[in-house]
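Enquirer: Our numbering applies: residue 826 is where the sequence shown begins, and numbers increase by one.
Note that beta-carbon positions come from the ideal geometry of N, C-alpha and C, so glycine has one too.
If you're wondering where the values come from, they're calculated on a predicted model, not measured in any experiment.
Take a look at this one; I'll ask things after.
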Amino acid sequence: MKIEVNKLLEFYENKKVGIRKFIRTCDMKDDECLFGELCFCILTPQSRARNCREVVDKLKADKKLFTADLEEIRNYLKRVRFPERKAVYIIEARKKLPEIKRRINGDPKEFREWLIENIRGIGLKESSHFMRNVGFKGLTIIDVHIQNFLRRIGYNEKGSGSLTKKQYIELENKFLRLSKELKIPPEELDIAIWLYQSGEKEFYG
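What follows is the structure, encoded as structure tokens:
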């Protein structure tokens, strides 16, 4: 465990400036940022983060984020898994942007529950992902990379895969404990582990 954690700490020190730069750019709550990040998080399940980020960036560049109809959205999602379903989710979510803006400054836990209950395609992991990407602190995205790392250091006996709500919260609490022990903010530690585990050179959100 100690060797693995020390490797991560060394990796984090080398990536810290870039990680903090990303987090600073996330701390925005304008419509394009909010809806763009929500689209990104709807797209990410079982898809490469880089492909999802390219889709969102292209929608923004083409001025289609708020205007594309269902068929147009589908055409943008060719490199993303389940494009038919996710295109529908994006169209539905766009209609709820005013309500998201109204609720975003409320209690974070209540806001996360509201997202799960009201935005199709968004579960615990995706809601935490979205909230982290628009400036919320103290959250973590318990994806396969985080699960695998926690297993390797003895914090996760289950292994990796789909999680019940209870299992997700348990791992989230263990992650937050690790964050406190290492004295690294959860949102920074989350990104560091993702980069460390995934082998990606760049972080896409």
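Using the Cα positions of residue 921 and residue 829, report the straight-line distance between them to the nearest angstrom.
Expert: Looking at the two C-alpha atoms, the distance is approximately 43 Å.
Enquirer: Please work out which residues of its chain come closer than 8 Å, Cβ to Cβ, to residue 869, disregarding the five sequence neighbours upstream and downstream, and give them in chain order.
Expert: Correct list, in chain order: 877, 951, 954.
Enquirer: Quick one: Cα of residue 1028 to Cα of residue 965, how far?
Expert: Roughly 15 Å separates the two Cα atoms.
Enquirer: Less than 8 Å between the beta carbons of residue 945 and residue 901, yes or no?
Expert: No.
Enquirer: Please return the same chain residues whose Cβ sits closer than 7 Å to the Cβ of residue 897, not counting the five positions on each side in sequence.
Expert: Around residue 897: 889.
Enquirer: Measuring only the C-alpha atoms, how far is residue 1006 from residue 864?
Expert: Rounded to the nearest angstrom, the two C-alpha atoms are 33 Å apart.
Enquirer: Can you name, in chain order, every residue of its own chain whose Cβ lies under 7 Å from the Cβ of residue 939, other than the five neighbours on each side?
Expert: Within the same chain, residue 939 has close Cβ partners 928.
Enquirer: Report the residue ranges of all alpha helix (DSSP H) runs contained in full by the region 910-984; include only those spanning at least 4 residues, in chain order.
Expert: Taking only runs of at least 4 residues, the alpha helix (DSSP H) segments lying wholly in the region 910-984 are 922-928, 933-943, 949-958, 969-977.
Enquirer: Using only CA atoms, which one of 916, 917, 963 lies nearest to residue 937?
Expert: Nearest of 916, 917, 963 to residue 937, Cα basis: 963.
Enquirer: Comparing alpha-carbon positions, which option in 841, 969, 994 lies nearest residue 1022?
Expert: Per the Cα distances, 969.
Enquirer: Does the separation of the CB atoms of residue 905 and residue 881 fall below 8 Å?
Expert: Going by C-beta atoms, residue 905 is not nearer than 8 Å to residue 881.
Enquirer: Could you tell me which of 990, 975, 838, 982 sits nearest to residue 941, measuring between CA atoms?
Expert: That would be 990, whose Cα lies nearest to the Cα of residue 941.
Enquirer: Which residue comes first and which comes last in the alpha helix (DSSP H) that contains residue 860?
Expert: Taken as a continuous stretch (DSSP letters only), the alpha helix (DSSP H) holding residue 860 covers 856-868.
Enquirer: Helix, strand or coil: which one does DSSP assign to residue 872?
Expert: DSSP places residue 872 in coil when its eight states are reduced to three.
Enquirer: Between the Cα of residue 972 and those of 958, 838, 992, 883, spot the shortest distance and give me the residue it belongs to.
Expert: Out of 958, 838, 992, 883, 992 has the C-alpha closest to the C-alpha of residue 972.
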